[in-house]
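**Student:**
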Amino acid sequence: MNSRRDFFKLGGALAAASVSPAALAALPEIVSIATPDTQPPLTPPNGRPYDPVVTLNGWTLPWRMRDGVKEFHLVAEPVLREIAPGMKARLWGYNGQSPGPTIEVVEGDRVRIYVTNRLPEHTTIHWHGQRLPNGMDGVGGLTQPQIQPGKTFVYEFTARRPGTFMYHPHADEMTQMAMGMMGFWVTHPKSRHPHIARVDRDFCFLLNAYDIEPGSATPSIMTMLDFNLWTWNSRAFPGIDSLNVRLNDRVRIRIGNLTMTNHPIHLHGHEFEVTGTDGGPIPQSARWPEVTTDVAVGQMRQIEFVADAEGDWAFHCHKSHHTMNAMGHDVPTSIGVDQSDLAGKISALIPGYMAMGDTGMGGMADMVMPLPDNTLPMMTGQGVYGPIEMGGMFSLLKVRRWQEPDDYSDPGWYKQPAGTQAHEVSAPPPEATRAPQAASPQGKAGDVEVNVRKPRDHSGH
Ligand SMILES: [Cu+2]
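What the sequence shown shows, in the working numbering, is residues 64 to 524, in sequence order.
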C-alpha cells in the first residue's frame, strides 16, 4: 500500500513509448506505464463529461479525439509485473502492465481501437459484453483472422449501452489469459440514468490467478485449477492498494472475473447491493442487501454502498485458500501432531527443515523462513496489532472522516476509539461440561472415554 507521498509522485508516471513515429504516423501514440501503483482518475479532457473510475493498481488509457471518434492504441506485449513487493512476474499484458489499462468511454461514443501485436504469437481482442457488429467481436478464426506478431488491426464500434465490461484475447486463450492478458472497460451513461446512481468513488478491478512456482517468474499455462497466486489486477496482498474513501461516500466497486473459478467477494462492516452485471444496470426493485457476492467465471458484478462506518475494513475473497500466496498449497496437515522429535531428526538430514504448524498455521506469518528468490510468503501483511496472516485476494476498505473528496491516498491505520476494541479479560474460564458416560460397545459402562489431547500438551491429558 503506497504512501500519500508516493501516490502523487507516481501520478505523472505515464510515458509515451519509443516507437518509430514514421511507421505509426497514422496511429495514436502508444502510452505505457511502468508502475503497478494505483493512478489517480483520468478526468476526460474532451468528449462528454463523466465521473471517472479508479482502477486498483492500474490506470485508464488516454485517447485521441479525431473527427469525433475516440481513438485508443493497445499494444499486446510481454511485461514485467510486480505482484507484490518482493515478487515480479514475467507476464503478457498491454501497454506495459498486466492487466491492460482501463478503457473509459461514454454511451453513444464512436470508438476506434488500434491493437498492435508485440507478442511472439498471434492474438485478437474480444470486447466482452459489448453490443457491436459481428466482425468486431474479436474471435480469432471465427470473426476475423488473428493478428500476427508485428501487425496492427483496428476495431471500431459505437459503445451502445452503459455498463462494465472487460476485454481479453480470443486467440490461444488458455495461454494468453494465464499470462495476464485482460483489461477493464467502462461505458459511462450519457445522461442521468434511472438505474445508475452518481457515486463519490468508483473503483474497478479484475480477478485473476497465476501458477508461478516458488523461485520462478513465469506462469505455468497448463494449470487448470491449482493456481498458487490469487490476484486482483495481477497483485496479491499486501501488494493490493487499499480502497480509501471519505465517511458517508457512496462507493461503487466493479469486479470482473477472468479466473477459472468463482470468487465470493466479501466486505466487512457494511451491506451492499449488486447494482449491475455485464448485462447492464439492475433496476432498484430487483436488488437485495448482501455482504458477500459470488462473482462467477466470466462475470462482472458491480456493488454499491454508503461507507458510513469509519475504520479499516477487510475486503476479500471468502475462499480461504484465495487469501494465501504460493507455498501454502500441497502442505500436509499437521495440526495436533507433535513434531518436536521429528524436526530434530529431519534437520540432521535436511539442513533448514522446519516443522509446519502443529497448532495451526497462524504462526507461519510470524516466521522468518528462508524463501526461494522472487517468492511471496504464504501469508503475510503487518497490521498495527501484529501479522494480518493473509495473502492473495485481500485488501482493505479504509473509511475516514477527514479523507478529502479527491484524495485516494492511504490515510494510514485506523485508530480505534477508546472502549471500542476487543480486548483480553482476566477471569478464568468455567469448567467444561462433560456428557454423562454411556455404555461402551463392549457393554461395560465407563470403559470408553475420549480424551481430547491438546496440541503441545505432552502429559497426554
Ligand atoms: Cu476467490
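Even glycine gets a Cβ: it sits at the ideal position worked out from N, Cα and C.
According to DSSP, is Ser458 helix, strand or coil?
**Tutor:** Strand, per DSSP.
**Student:** Quick check on Met242: does DSSP put it in helix, strand or coil?
**Tutor:** Coil, per DSSP.
**Student:** Whole angstroms is fine: what's the gap from Pro125's alpha carbon to Phe266's?
**Tutor:** Answer to the nearest angstrom: the Cα atoms are 18 Å apart.
**Student:** At 3 residues or longer, and completely inside the region 157-205: list those beta strand (DSSP E) runs for me, N to C.
**Tutor:** Qualifying beta strand (DSSP E) stretches, in chain order: 166-169, 173-180 and 189-191.
**Student:** Flag this pair as touching only if the region 265-280 and the region 432-448 have three or more C-beta atom pairs under 8 Å; answer yes or no.
**Tutor:** The region 265-280 vs the region 432-448: in contact.
**Student:** Under the three-state reduction of DSSP, which class applies to Gln479: helix, strand or coil?
**Tutor:** Coil at Gln479, not helix or strand.
**Student:** Let me check one thing: in DSSP terms, what residues is Lys382 bridge-paired to?
**Tutor:** Answer is none; Lys382 lacks a bridge partner.
**Student:** Please classify His486 as buried or exposed, where buried requires at least 16 other C-beta atoms within 10 Å of its C-beta.
**Tutor:** Classification of His486: exposed, given that the 10 Å Cβ count is below 16.
**Student:** Buried or exposed: where does Leu288 fall if 16 or more other Cβ atoms within 10 Å of its Cβ makes it buried?
**Tutor:** Classification for Leu288: exposed.
**Student:** Can you check which of these residues, Trp376, Arg173 and Pro208, is closest to Gly193 by C-alpha distance?
**Tutor:** The question names Gly, but residue 193 is Gln in the sequence shown. Selected option, being the one with the closest Cα: Arg173.
**Student:** How many Å lie between Val202 and Gln209 at the Cα?
**Tutor:** One C-alpha to the other measures close to 8 Å.
**Student:** Measuring from the CB of His331, is there a heavy atom of ligand 1 at a distance below 6 Å?
**Tutor:** His331: no, Cβ never under 6 Å from ligand 1.
**Student:** Please list the terminal residues of the continuous beta strand (DSSP E) segment that includes His136.
**Tutor:** Residues Val132 to Ala147.
**Student:** Considering only heavy atoms of ligand 1, does any lie closer than 6 Å to the CB of Met456?
**Tutor:** Yes, the Cβ of Met456 comes within 6 Å of a heavy atom of ligand 1.
**Student:** For Ser297 and Ser161, which I take to be in contact (beta-carbon distance under 8 Å), what is that distance rounded to the nearest angstrom?
**Tutor:** Their Cβ separation, rounded to whole angstroms, is 5 Å, which keeps Ser297 and Ser161 in contact under 8 Å.
**Student:** Please state if the CB of Glu134 and the CB of Arg175 are separated by a distance shorter than 7 Å.
**Tutor:** In contact: Arg175 and Glu134 (Cβ atoms closer than 7 Å).
**Student:** Less than 6 Å between C-beta atoms, sequence neighbours within five positions excluded: which residues of the same chain meet that for Gln445?
**Tutor:** Cβ within range, chain order: n/a, list empty.
**Student:** Taking the C-alpha atoms as reference points, what is the distance between Ile188 and Pro232?
**Tutor:** Their Cα atoms are separated by approximately 4 Å.
**Student:** What whole-angstrom Cβ distance do Thr101 and Val117 have, given they're in contact under 8 Å?
**Tutor:** Contact flag correct, Cβ pair sits at about 6 Å.
**Student:** Measuring CB to CB, does Thr215 end up less than 7 Å from Thr165?
**Tutor:** Cβ atoms of Thr215 and Thr165: not closer than 7 Å.
**Student:** With 16 other CB atoms within 10 Å as the buried threshold, where does Pro344 fall?
**Tutor:** So Pro344 counts as buried.
**Student:** Assuming the contact rule is C-beta atoms closer than 8 Å, Pro103 and His136 should be a hit. Round their C-beta distance to whole Å, please.
**Tutor:** Contact doesn't hold; Cβ gap of about 21 Å is too wide.
**Student:** Nearest-angstrom Cα distance between Thr356 and His329?
**Tutor:** Looking at the two C-alpha atoms, the distance is approximately 7 Å.
**Student:** Within this structure, are the beta carbons of Met363 and Thr338 separated by less than 7 Å?
**Tutor:** For Met363 and Thr338, no; Cβs fall outside 7 Å.
**Student:** Name the one or two DSSP bridge partners that Arg264 has.
**Tutor:** According to DSSP, which records beta bridges pairwise, Arg264 is partnered with Val314.
**Student:** Less than 6 Å between the CB of His326 and some heavy atom of ligand 1, yes or no?
**Tutor:** True, at least one ligand heavy atom lies under 6 Å from that Cβ.
**Student:** Under 8 Å by Cβ, that's how I've got Pro352 and Glu336 pegged, so tell me the actual separation to the nearest angstrom.
**Tutor:** Indeed they touch by this definition, with Cβ atoms about 6 Å apart.
**Student:** Pull up the CB-CB distance for Gly319 and Phe247, whole angstroms please, since I reckon it's below 8 Å.
**Tutor:** With a Cβ gap of about 6 Å, Gly319 and Phe247 count as contacting.
**Student:** Looking at the secondary structure, which residues open and close the beta strand (DSSP E) in which Asp357 lies?
**Tutor:** Counting along the chain, the beta strand (DSSP E) containing Asp357 begins and ends at Thr355 to Val358.
**Student:** CA-CA distance, Tyr113 and Lys253?
**Tutor:** If you take the alpha carbons of Tyr113 and Lys253, they lie about 8 Å apart.
**Student:** How many angstroms separate the CA atom of Ile146 from the CA atom of Thr227?
**Tutor:** Spanning the two alpha carbons is a distance of roughly 24 Å.
**Student:** Grab the span of the beta strand (DSSP E) containing Val308 for me, first residue to last.
**Tutor:** Val308 -> beta strand (DSSP E) spans Leu306 to Arg309.
**Student:** Give the DSSP-derived three-state secondary structure of Ala377 in the structure shown.
**Tutor:** Three-state DSSP puts Ala377 in a strand.
**Student:** Give the C-beta separation of Phe457 and His379 to the nearest angstrom, bearing in mind that I take them to be a contact with Cβ-Cβ under 8 Å.
**Tutor:** About 4 Å separates the two Cβ atoms, so the contact holds.
**Student:** Going by alpha carbons, who is nearest to Asp235 out of Pro183, Glu219, Ala260 and Trp465?
**Tutor:** For the residues Pro183, Glu219, Ala260 and Trp465, the minimum Cα distance to Asp235 belongs to Pro183.
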